[in-house]
Amino acid sequence: MSMVETTTEPASHGAGFPDDPEHPDHQRHLHLHRRGHAPLPRPRDTVLTVHGLAPAAVAEREEKGLVNRQPRDTSRSIWTILRVHILTLFNLAIATCAVAIIVLGRWFDLVFCLAAVANVVIGVIQEYSAKRKLDAIALLHQDAAHVLRGGTEHAVRLEEIVLDDAVLLRRGDQVPADGVVLSSDGLDIDESLLTGEADAVGKLPGDAVLSGSAVLSGTGLVRVTAVGPDSHASRLATEARRFSKIPSELRGALDTVATWLTIALVPIAALIINGQVQAVGDWARALEQDAIEPAVVASVAAITSMIPQGLALMTTISFAVAALKLARQEVLIQEQPAVEILARVDTVCLDKTGTLTEGRIIFDGSTDLTSAAQPGPAGAAGPDDAADLRSAGALVLAWFGADANANPTALALAEAYTTRPAAEPTEQVAFSSERRWSAVAFGPAPLHDVGATGGVPSGDAVHGAWVLGAPEVLLPASGSGIDPERRAHLEALCDETTSRGLRTMVLCRTTQPAGVGSWFEATATGPGRHLPPALEAVALLTFREKVRDDARETLEYFRAQDVALKVISGDHPRTVAAVAREVGMEVEGDGYDARNLPADPEERRVVLQEHSVFGRVSPEQKKGMVSALQQDGHVVAMTGDGINDALALKTADLGIAMGNGAPATKAVSRMVLLDSRFSRLPSVLAEGRQVIANMEQLAHMYLTKTAYAVLFGVVFSLLAWQYPLLPRQASTVDFLMIGLPTFFLALVPNQRRYVPGFLGRALRFAIPSGLVILAGLLAVNGYARWFAGFSGEITGPASGVGEVSLQQVQTASVITLTLMGLWVLNLISRPLTKWKLSLVASMYALLLLVLLIPASREFHQFEIPPADLTLAAVAIGAVACVLLEGIHQFHRRRHAASATSP
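So our numbering is basically just the index in the sequence shown, starting at one, shifted up by 40.
Shown next as structure tokens:
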């Protein structure tokens, strides 16, 4: 290894290294420590600036794994998706029952597994499709980086950058890794994705730069101090990517029911199995006569009927259909319940830069500041004011707007001023955040002092030096000859526009050079330039962030839906407040400065209640504010585009990322607006309301089925009666009264506003209805035993004249149960439109076909019961329907307020 490579660079920026935790070399030391490496010598910065890393040093770092390989999880992993959909309590119970049926070889009775399998397949396919789309988007944003190695510039892939590489940065580049600036020529960095601060940050040698930021103007050379997962952006993204289950009320209700059933399942299953064995006599007889199989089959039928897997399937289908519909509107749903969450949100937290705004600066207006202009209010009216400027000023502003090195603010001039000077500039100074001005000169600088009056050649309107920059820098340089009253007027004008959250710049002109033969004499200390003397203010220019065209309309929609709005940004509170006012929010004064946010949770809660606009908010504070709102009982959505928003997006009940945002932010969000159009959210809200309202109706049906299934299993087993249905028969009944009709009902448009507590409302209907259905089924089975001659034998035909077989009793049970179930379907379908009446009527017709078609009777092991048992089955079903109607009317009146449409 060469001497250059073994000589270490002493701490040259900031005393106290390595005790200073913010020092870039301290970060480098921590980076090596986390990777398990001993301290690694690096070249001196002076050597890196000229030669970069030597090939041997690059190879050594590659061998040690000190490369900029980023985590590949631009979206949720396939394992995470599978875990959410497969590892559920419902699936565990269904799988256990399926194993029992497979062991017995009763393949036709595995029909009950279809809903569970479909539930998993549909959910996994939809979310995996979203994952692939996000991964494809992430690949589109991987540009090459330029590094200095062995004295030569090389283009390398981002993952080929190594620790201590000298990376060349130019305008438009994204900073690929954390580092420290070695050299800078007007290097301005946009750190809005990391901090939310919209203004450019000037970088000088010794300053730190962070991965994920972008170069706005100038050039620089940066030594890499952290690569891969140890970079600032990767650490934020890694913390944000930690798995958290989305707080879905629909899925939460299913989990609650599953938990209750799981707790009760073992004793109920034991009771059912024992009861079904007792139904054939006793355990000894069941084992001797090989009658254990029917007992196990009956037990499986009872257990699987208890599990509302159809509700889980319909919830998944509803989510998937909503996701497909929204995908056509450029809304990517990464986790299915995200559709539902927005319908429940009562507070939306909005990032400013890139969310409410497009992340770019536009020209707002101009005010003539020439001495001939009359003092007046700053009534900037827009690009048409270009006609009010002196023609020379308009030409020069067009040049600033078209300059290849223009910063984003100057670029905004291009739309308003299009005609540039015919003459080429003779000198120019690029903008830098340190100077806070840029300049251009036309014509040669005089070789002698021309005096304060200038010497503009006849016919050359743009001759001289023109400076565009911050008022607080340029106005003091206007010279001592300016009238004090006029100076006070100009300063007041600038202060007034700044107080409205506008960016303010002043265009000045002079015909006096800074030095003999040069408009902008170079300083002796570096590449900086002197302002020429006797600057005359020509125009006051105002700029603002471009607010999204659909932001105001969308926020008005949310306010009409009683959704609270909070704007939280890392930018200056005054700027945030100005944007908030522009989108229609009522804001008095500046926004709240989050640097003053109290540490006490109760005081912070009061601040969050009283204020709606916050500036200077750090990423950790954003996360804390979202958590505080959640702890106060709010359902919170967070929108953002930057890495600084990732933690808050992950913490929120619903994280919504913009399509043009950082890949890490999109990866941790639940929903991505691919075209970054804010106006997509009302469509998502409508879909969420439809899903919640329809699934609440369907939950009445599914939980009614769970209630009567549990009661069937327990009561029939306590009575030692054979369970009245085979698994295949129970699956067909479910299909007729629940599966097929609810598929259509789940997709019906429904804009009822969300009302919390749907599980409680559903259970208050389902449990009484389940009791009625239990009574109906007990009645038909009791009639068969006590009046129709059923002997209770579990196999074979009727043993004598006047007796009925088990198959006939099962058929009568199917008739009664389906009639009662279809009436519940009638109740939840109200109000009954023509197509709903047709749907219910078709289910009655299907019942007849199932009972009468020979192939169906053979598959289901149906046997038409005698006339008296058939009439009894129908009559009992009719009486039960009357009772169910009464329950529905009582329930409807009690919850009329909840059922009111908006």
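All C-beta atoms in this analysis are idealised placements derived from N, C-alpha and C, irrespective of residue type, glycine included. The structure presented is a predicted model; accordingly, all values stated were derived computationally and were not measured.
Would DSSP call Thr265 helix, strand or coil? strand
Quick check on His931: buried or exposed, where buried means 16 or more other Cβ atoms within 10 Å of its Cβ? buried
Check Gly797 in the structure and name its three-state DSSP category. coil
Simplified DSSP assignment, three categories, for Leu759: coil
Which residues does DSSP list as the beta-bridge partners of Pro573? Pro573 is not bridged to any residue.
What are the boundary residues of the beta strand (DSSP E) that Gly695 is part of? Leu694 to Met698
Where Phe583 sits in the DSSP three-state scheme: strand
Spatially closest choice to Leu208 from Ser253, Arg263, Asn159 and Arg197, by CA coordinates: Arg263
Between Gly226, Asp270 and Asp404, which lies nearest to Leu256 when the distance is taken from Cα to Cα? Gly226
Member of Asp205, Leu222, Ser223 and Gly258 whose CA lies at the smallest distance from the CA of Asp230: Gly258
Rounded distance between the beta-carbons of Gln374 and Ser723, thought under 8 Å: Actually they do not touch by this definition, with Cβ atoms about 17 Å apart.
Where does Leu888 land, buried or exposed, given buried means 16+ other C-beta within 10 angstroms? exposed
Helix, strand or coil at Leu738 according to DSSP, with G and I counted as helix: helix
Return the chain-ordered list of same chain residues with a C-beta closer than 7 Å to the C-beta of Gln769, the five sequence neighbours on each side being excluded. Gln850, Val854 and His900
Cβ shell of Thr856 (< 7 Å), same chain only, five flanking positions each side left out: Gly816, Leu817, Val820, Ala913, Ile916 and Gly917
Using the Cα positions of Leu923 and Trp826, report the straight-line distance between them to the nearest angstrom. 24 Å
State the DSSP-derived secondary structure class of Ile813, mapped to helix, strand or coil. helix
Taking only the alpha-carbon atoms, compute the straight-line gap between Ser609 and Thr387 and give it to the nearest angstrom. 16 Å
Could you tell me the alpha carbon to alpha carbon distance between Leu803 and Asp218, rounded to whole angstroms? 56 Å
Alpha carbons only, please: which of His125, Ala454, Arg540 and Leu721 is nearest the one belonging to Ala628? Going by the sequence as given, residue 628 is Glu instead of Ala. Out of His125, Ala454, Arg540 and Leu721, Arg540 has the C-alpha closest to the C-alpha of Glu628.
Express the C-alpha separation of Val712 and Leu364 in angstroms, rounding to a whole number. 14 Å
Counting Cβ pairs, one atom from each stretch, are 3 or more of them under 8 Å apart for the stretch 335–348 and the stretch 140–155? yes
Between which residues of its own chain and Phe798 is the CB-CB distance below 6 Å, once the five residues before and five after are set aside? Glu736
As assigned by DSSP and simplified to three states, the class of Phe403: strand
Between which two residues does the beta strand (DSSP E) carrying Gly219 extend? Asp218 to Asp230
Could you check if Glu585 is buried or exposed, using at least 16 other CB atoms within 10 Å of its CB as the buried criterion? buried
Flag Val754 as yes when its Cβ comes closer than 7 Å to any non-hydrogen atom of the ligand SAH, and as no otherwise. The ligand SAH is not part of the structure shown, which contains no ligands of any sort.
What's the call for Leu933, buried or exposed, on a 16-neighbour Cβ count within 10 Å? Looking at the sequence provided, one finds Arg at residue 933 rather than Leu. That one is exposed.
Is it true that the stretch 542–552 meets the stretch 507–515, where meeting means three or more beta-carbon pairs spaced less than 8 Å apart? yes
Bridge partners of Lys606, per DSSP? Cys389
What does the Cβ neighbour count give for Thr33, buried or exposed, with the cut at 16 atoms within 10 Å? Here the chain comprises residues numbered 41 to 942, so residue 33 is not present and cannot be evaluated.
For Leu451, which option in Arg400, Leu305, Ser472 and Asp247 has the closest C-alpha, if you only look at C-alpha atoms? Arg400
Answer yes if the stretch 352–372 comes into contact with the stretch 577–594, meaning at least three C-beta pairs across the two stretches below 8 Å, and no otherwise. no
Closest to Ala697 by CA distance: which of Glu333, Ala184 and Asp391 is it? Asp391
Touch check for the stretch 129–146 and the stretch 238–255: three-plus C-beta pairs under 8 Å? no
By Cβ distance, which residues of its chain are closer than 6 Å to Ala254, with the 5 residues on each side in sequence left out? Gln214 and Asp230
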